[in-house]
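S.K.: Dropping the structure in here first, questions after.
There are 2 protein chains.
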Amino acid sequence: MADQHNVVAEHRLSLQERLGSDMVLTEASEMLRYCRDWHGDVTSAAVAVLRPRSTAEVAAAVTACRVLGLSIVPQGGNTGLVLGGIPDAPERQVILSLERLNRIRTIDADDFSAVVEAGCILSELKDAIADKGMFFPLALGAQGSCRIGGNVSTNAGGINVLRYGMTRELVLGLEVVLADGTIFEGLSTLRKDNRGIDLKQLFIGAEGTLGIITAVSIKLTPYPDHVATALLALASLDDAITLYRRARRDCCDLMSAFEFMPPLAFDLAREAMPDLPIPIAGDYPAYVLMEISGSGLIDVNDLMERFLEGVMTDGLVVDGTIASSQAQARSLWLIREGMNEGQAKRGSHMRSDVSVPLSKLASFVSDAEAAISQALPDCISVSYGHVGDGNVHLNVLPPTDLLGEARDQVIYKAKTVLNEVVDLYQGSISAEHGIGRLKRADFESRLPDTRRKLLAAVKHAVDPHLLFNPGCQLNLNGIS
Amino acid sequence: MADQHNVVAEHRLSLQERLGSDMVLTEASEMLRYCRDWHGDVTSAAVAVLRPRSTAEVAAAVTACRVLGLSIVPQGGNTGLVLGGIPDAPERQVILSLERLNRIRTIDADDFSAVVEAGCILSELKDAIADKGMFFPLALGAQGSCRIGGNVSTNAGGINVLRYGMTRELVLGLEVVLADGTIFEGLSTLRKDNRGIDLKQLFIGAEGTLGIITAVSIKLTPYPDHVATALLALASLDDAITLYRRARRDCCDLMSAFEFMPPLAFDLAREAMPDLPIPIAGDYPAYVLMEISGSGLIDVNDLMERFLEGVMTDGLVVDGTIASSQAQARSLWLIREGMNEGQAKRGSHMRSDVSVPLSKLASFVSDAEAAISQALPDCISVSYGHVGDGNVHLNVLPPTDLLGEARDQVIYKAKTVLNEVVDLYQGSISAEHGIGRLKRADFESRLPDTRRKLLAAVKHAVDPHLLFNPGCQLNLNGIS
């Protein structure tokens, strides 16, 4: 153990000598916020935290680590939900934080594109783009803290996926530092470029296992000045999915969000925000928060009104309210956000992020909630989310007075029961959060042999020394 | 030479014995249509043409070829424009045609998805999907002959890219036969699935160099019942790009096509279709064929009228006509299609498919046409295409009486001059057609070393024996 400490101390000294002390944090107190995950469930440690300010400094850091035999855990805003950015071998891993590599290089409204460094905070980026009359559609709860490099590395989803796609579909080009310290220079802003195999796709969603994304060129669209937001009450999740299908046809590509919430959403939101106004009276079995948006000549309010008139006449929507101001729209979205905070207030719980084919979603949620209720009768299931994408967050809240290891066991059991139902429906155990370290075992146990071999072959081809994020997504060397 | 013939004859016999004579064509007359490219510019040969009817038969064919030391050129509808599906080493390559693997496995309107085999002809697929009220947006000139596996392998573009993206964005999952004969089973219809590195992305646009795509699951959208089509006259290409930007804002995501044409388009179209009505009088410097489409409650005619009122008031559009019937819309599109046929009637010519950043497109076309005019004063440049994507087909027509080798030299010279201007603008020499064998040298000479190494590493990792389409995209073994 003493030897191991000496080795770590020597590595720290070497890193400081090679990279300069400004780039290298080694004090436990300074490193803490990088070593603890977003939910605060796990606190790890690292040999050092490296904080380069330029792509060249990232390349130097990669070379230094390779020479020293240290592996690298890349980290953006540290808002990941699956421990993809937290070391699991603190004595031989460094965290490489992109937070100081955070310039916006260009925003070109005429080109509908921007080039930004990996460390840009998503909301700051969106604001700077909005100042030019343009819009970057990626929108998720953590946008005030997450960074674009992390969004790309995890192929982040969020509330606007049904219209604009996952992060992958918003990326035009990447700059990536590779394992040999060379730079993959692919920051094109071309909308179409079909020159052979599209290598950048490999790094999107790789969670930092193949290289370090240092900058991204992204697609922009005109800013949607006109937004219509409605909260709708329905008889069931099944009806919500019927409503989604109809909205896809009636409102076409102008629908930008369609979020499902159960009645419990309001209780949970109120627990987090006691003064939150709840604009629908009564207690209905299902709710949908729906948004239509557009720019220029598009009249989204008229469209929303005509749509609701039709679906209320047909009895598909039983009650509803359209926000009459931006402030009211904001307070409708606060219900959706507050329900997350409310769950956190009830203590640690089983969070999930699963998807199934859209046509099976209602039956899946019904089966999964029944299975959980049977296995864990004292727990509460709460299912909500981006149902238009077939993606539901089916969370399980243990009784508030259940604590410690007993609580952890219930959470583990809930996950196991849920995943069994996901498998029956040929669904995904990770619709948007990724694999990281948290879901690795569940991922690997479901991985067909052909796919595993191909993943391993690609990893070895691109990162032959397994330098980047070992233990994330796959356990390839057996020692992570 | 006699020996070589014997080897080929033995290989043919072995293939027939292993795979059955129904799967294996070896007669030159039967193989001809597979060995000649779409334009008829090149006629090659092959050891055999294999025509499997199932994924299992594809796997058997792959294994047989690997054992015999033959490499495989996969082929869909043989409509490619860059010789990606035509052998360049006839005595050691077989063509594997997917044309008999052409079932539609499922169309699920409730799921907005379909699963189809690689050999499905695109237009047949679109029709079958339309019968269910759904829409598959991929639309290109060759759609009556091209096959979906080829569309995916080449990441095909077409006229609807500005709204729906390239083929890559329409793919939910793939089934691929790999070099070892195993099957990558990834025919998911999940809209969101973020389980690690997305391996299917590697095969999209790989032009058959990494595996053989045997089936595809695709995204569908509701059928756009309402379509407004307009032909607009403008003062310049510059104005056309200004118009595009305004249309992106005013018409939002409802614009589905925006094609630029020069005045010469009408002459060319009339040369191919003498009776084609030309609905705009006068001779303007630039034309745009624009389409807005939607389903359900969207009134596209009203939107088009209000849009045109604004841009004509502002003088951006100087004349225009909105199609008043489907037949009239069809005849507007015939101008666009006819101009391609008209070019073909003027004899072989330099076809290009380049892209530059949108904001530089007008200046690029001006510079490129000037450079060509200076280098080749007797030639005519014709620039048209998907300018909203920054993608222009800048073709060069030699004088009709220039024939044979002299004509080929002019075509080569035109390509060289054009590509030099593309390089100045940091553009792409292939916006949508791919690399194949035709553009390989131009691709490789522009390939940064980092990217080349990564491409080679991935190729060797996925196809270690260089079984698939050697000589396409990259020359890796020096013998292709």
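Protein sequences, first through last, are from chains F and B.
full-length UniProt numbering puts the first residue of the first sequence at 1, with every later residue one more than the last.
full-length UniProt numbering puts the first residue of the second sequence at 1, with every later residue one more than the last.
Every residue gets a Cβ at the ideal spot worked out from N, C-alpha and C, and that includes glycine.
(1) What is the DSSP secondary structure of residue 27 of chain F, reduced to helix, strand or coil?
(2) From residue 414 of chain B to residue 374 of chain B, what does the alpha carbon distance come to, in whole angstroms?
(3) From residue 112 of chain F to residue 150 of chain B, what does the alpha carbon distance come to, in whole angstroms?
(4) Can you list the residues of chain B that residue 432 of chain F reaches, using a CB-CB cut of under 7 angstroms?
(5) Is there a Cβ from chain B that is less than 8 angstroms from the Cβ of residue 479 of chain F?
(6) With a CB to CB cut of under 7 angstroms and the five nearest residues on each side skipped, what residues in its chain are close to residue 439 of chain F?
(7) Using a Cβ-Cβ cutoff of less than 6 angstroms, which residues in the same chain neighbour residue 176 of chain F once the five nearest sequence positions on both sides are dropped?
(8) Any Cβ of chain F within less than 8 angstroms of the Cβ of residue 448 of chain B?
(9) Under 8 angstroms between C-beta atoms, does residue 409 of chain B make it to chain F?
(10) Please check the pair residue 174 of chain B and residue 186 of chain B, which I expect to be a contact at CB under 8 angstroms, by giving their CB distance rounded to whole angstroms.
(11) If we ignore side chains and look at the alpha-carbon of each, how far apart do residue 482 of chain F and residue 424 of chain F end up?
(12) Sort out for me which residues DSSP pairs residue 260 of chain F with in a bridge.
(13) Whole-angstrom Cβ separation of residue 296 of chain B and residue 251 of chain F, contact assumed at under 8 angstroms?
(14) From residue 347 of chain B to residue 416 of chain B, what distance separates their C-alpha atoms?
(15) How many Å lie between residue 88 of chain F and residue 37 of chain F at the Cα?
(16) Hey, does residue 469 of chain B have any beta-carbon neighbour from chain F nearer than 8 angstroms?
(17) Going along the chain, which residues of its own chain have a beta-carbon closer than 6 angstroms to the beta-carbon of residue 123 of chain F, five neighbours each way excluded?
(18) Name the DSSP bridge partner or partners of residue 75 of chain F?
(19) Just the C-alpha distance for residue 8 of chain F and residue 458 of chain F, rounded to the nearest angstrom, thanks.
(20) Would residue 318 of chain B pass as a contact of residue 233 of chain B if the rule is Cβ separation under 8 angstroms?
(21) Would you kindly work out how many angstroms separate the C-alpha atoms of residue 406 of chain B and residue 104 of chain F, rounded to a whole number?
(22) Under 8 angstroms between C-beta atoms, does residue 251 of chain F make it to chain B?
(23) Going by C-alpha distance, which of B:400, B:4 and B:154 is nearest residue 47 of chain B?
(24) Would residue 391 of chain B count as contacting chain F if we go by Cβ distances under 8 angstroms?
(25) Name, please, each residue of chain F whose Cβ falls closer than 8 angstroms to the Cβ of residue 16 of chain B.
(26) Which residues, in order along the region 105-126 of chain F, keep a beta-carbon less than 8 angstroms from a beta-carbon of chain B?
(27) Of the residues F:466, F:332 and F:100, which one's Cα is nearest the Cα of residue 147 of chain F?
(28) Taking only beta-carbon positions, decide if residue 20 of chain B is within less than 8 angstroms of chain F.
(29) Going along chain B in order, which residues have a C-beta closer than 8 angstroms to the C-beta of residue 184 of chain F?
(30) In three-state DSSP terms, what is residue 480 of chain F?
(31) Check the Cβ of residue 165 of chain F against every Cβ in chain B and list those closer than 9 angstroms, keeping chain order.
(32) Once DSSP output is grouped into helix, strand and coil, what is the label at residue 246 of chain F?
(33) Which chain F residues are close to residue 136 of chain B, counting only those with a beta carbon under 9 angstroms from its beta carbon?
(34) Below 8 angstroms between beta carbons is the criterion; list the residues of the region 293-304 of chain B that meet it against any residue of chain F, in chain order.
(35) Tell me the rounded alpha-carbon separation between residue 14 of chain B and residue 74 of chain B.
(36) From B:387, B:421 and B:408, pick the residue whose C-alpha is nearest to that of residue 161 of chain B; which is it?
M.R.: Answer, in terms of the structure:
(1) Along the first sequence, read from residue 1 onward, the residue named residue 27 of chain F stands at position 27. Note: residue 27 of chain F maps to coil in three-state DSSP.
(2) Position 414 of the second sequence holds residue 414 of chain B. Position 374 of the second sequence holds residue 374 of chain B. Between the alpha carbons of residue 414 of chain B and residue 374 of chain B lies a distance of about 11 angstroms.
(3) In the first sequence, residue 112 of chain F corresponds to position 112, counting from 1. In the second sequence, residue 150 of chain B corresponds to position 150, counting from 1. Each residue's alpha carbon lies about 30 angstroms from the other.
(4) Counted from its first residue, the first sequence places residue 432 of chain F at position 432. The contacting residues are 192 and 194.
(5) As a working mapping, residue 479 of chain F is identified with position 479 in the first sequence. The predicted model places residue 479 of chain F with a pLDDT of 38, which falls under 50 and marks its position as unreliable, so this point remains unresolved.
(6) If you number the first sequence from 1, residue 439 of chain F lands on position 439. These residues qualify, in order along the chain: 82, 429 and 430.
(7) As a first step, residue 176 of chain F must be located in the first sequence, where it is residue number 176. 184, 203, 211 and 213.
(8) Residue 448 of chain B sits at position 448 when you count from the first residue of the second sequence. With 8 angstroms as the cut-off, residue 448 of chain B counts as an interface residue toward chain F.
(9) What you label residue 409 of chain B is simply residue 409 of the second sequence in a count that begins at 1. With 8 angstroms as the cut-off, residue 409 of chain B does not count as an interface residue toward chain F.
(10) On the second sequence, residue 174 of chain B is found 174 positions in, with the first residue counted as 1. On the second sequence, residue 186 of chain B is found 186 positions in, with the first residue counted as 1. Sure, about 5 angstroms apart at Cβ, within 8 angstroms.
(11) Outside the shown range of chain F, which is 1 to 480, sits residue 482 of chain F, and nothing can be said about it.
(12) The residue you call residue 260 of chain F lines up with position 260 of the first sequence. DSSP lists F:288 and F:385 as partners of residue 260 of chain F.
(13) Counting from 1 along the second sequence, the entry for residue 296 of chain B is found at position 296. Counting from 1 along the first sequence, the entry for residue 251 of chain F is found at position 251. A Cβ-Cβ separation of about 7 angstroms places residue 296 of chain B in contact with residue 251 of chain F under the 8 angstroms criterion.
(14) What you label residue 347 of chain B is simply residue 347 of the second sequence in a count that begins at 1. What you label residue 416 of chain B is simply residue 416 of the second sequence in a count that begins at 1. C-alpha separation (whole angstroms): 20 angstroms.
(15) Your numbering for residue 88 of chain F matches position 88 in the first sequence. Your numbering for residue 37 of chain F matches position 37 in the first sequence. About 12 angstroms.
(16) In the second sequence, the residue the question calls residue 469 of chain B occupies position 469. No - not a single Cβ of chain F is within 8 angstroms of the one on residue 469 of chain B.
(17) Counting from 1 along the first sequence, the entry for residue 123 of chain F is found at position 123. Excluding residues within five positions, the ones whose Cβ falls inside 6 angstroms are 143 and 144.
(18) Against the first sequence, residue 75 of chain F aligns to sequence position 75. Per the DSSP secondary-structure output, residue 75 of chain F pairs in a beta bridge with F:97.
(19) As a first step, residue 8 of chain F is located in the first sequence; it is residue number 8 there, counting from the start. As a first step, residue 458 of chain F is located in the first sequence; it is residue number 458 there, counting from the start. Between residue 8 of chain F and residue 458 of chain F, the C-alpha separation is close to 31 angstroms.
(20) Counting from one through the second sequence, the residue named residue 318 of chain B turns up at place 318. Counting from one through the second sequence, the residue named residue 233 of chain B turns up at place 233. Result yes, Cβ atoms of residue 318 of chain B and residue 233 of chain B sit closer than 8 angstroms.
(21) Counting from 1 along the second sequence, the entry for residue 406 of chain B is found at position 406. Counting from 1 along the first sequence, the entry for residue 104 of chain F is found at position 104. About 51 angstroms.
(22) Translated into the one-based positions of the first sequence, residue 251 of chain F becomes position 251. It does; some Cβ of chain B falls within 8 angstroms.
(23) As a first step, residue 47 of chain B is located in the second sequence; it is residue number 47 there, counting from the start. Between residue 47 of chain B and the set B:400, B:4 and B:154, the nearest pair of CA atoms involves B:4.
(24) Numbered from 1 along the second sequence, position 391 holds the residue referred to as residue 391 of chain B. Closer than 8 angstroms to some Cβ of chain F, the Cβ of residue 391 of chain B qualifies, so yes.
(25) On the second sequence, position 16 is the one that residue 16 of chain B refers to. Here the premise fails: no neighbours, minimum Cβ distance about 29 angstroms.
(26) Correct list: 108, 110, 111, 112 and 113.
(27) Stepping through the first sequence from its first residue, residue 147 of chain F is reached at position 147. When each option's Cα is compared against that of residue 147 of chain F, the closest is F:100.
(28) Taking the first residue of the second sequence as 1, we reach residue 20 of chain B at position 20. No, no contact with chain F.
(29) Taking the first residue of the first sequence as 1, we reach residue 184 of chain F at position 184. What residue 184 of chain F touches in chain B: 450, 451 and 454.
(30) To locate residue 480 of chain F, count along the first sequence from 1; it is residue 480. Low per-residue confidence applies at residue 480 of chain F: pLDDT is 35, beneath 50, and the placement is therefore not dependable, though the value from the model is reported in the following sentence. It is coil, neither helix nor strand.
(31) Numbered from its first residue, the first sequence carries residue 165 of chain F at position 165. Within chain B, the residues near residue 165 of chain F are 165 and 169.
(32) Position 246 of the first sequence, counted from the start, is the residue given in the question as residue 246 of chain F. Reduced to three states, the DSSP call for residue 246 of chain F is helix.
(33) Taking the first residue of the second sequence as position 1, residue 136 of chain B is located at position 136. What residue 136 of chain B touches in chain F: nothing, since even the nearest Cβ is about 15 angstroms away.
(34) 294, 295, 296, 297, 298 and 303
(35) By 1-based counting over the second sequence, the position of residue 14 of chain B is 14. By 1-based counting over the second sequence, the position of residue 74 of chain B is 74. Roughly 19 angstroms separates the two Cα atoms.
(36) Here the question's residue 161 of chain B lines up with position 161 in the second sequence. Nearest C-alpha to residue 161 of chain B: B:387.
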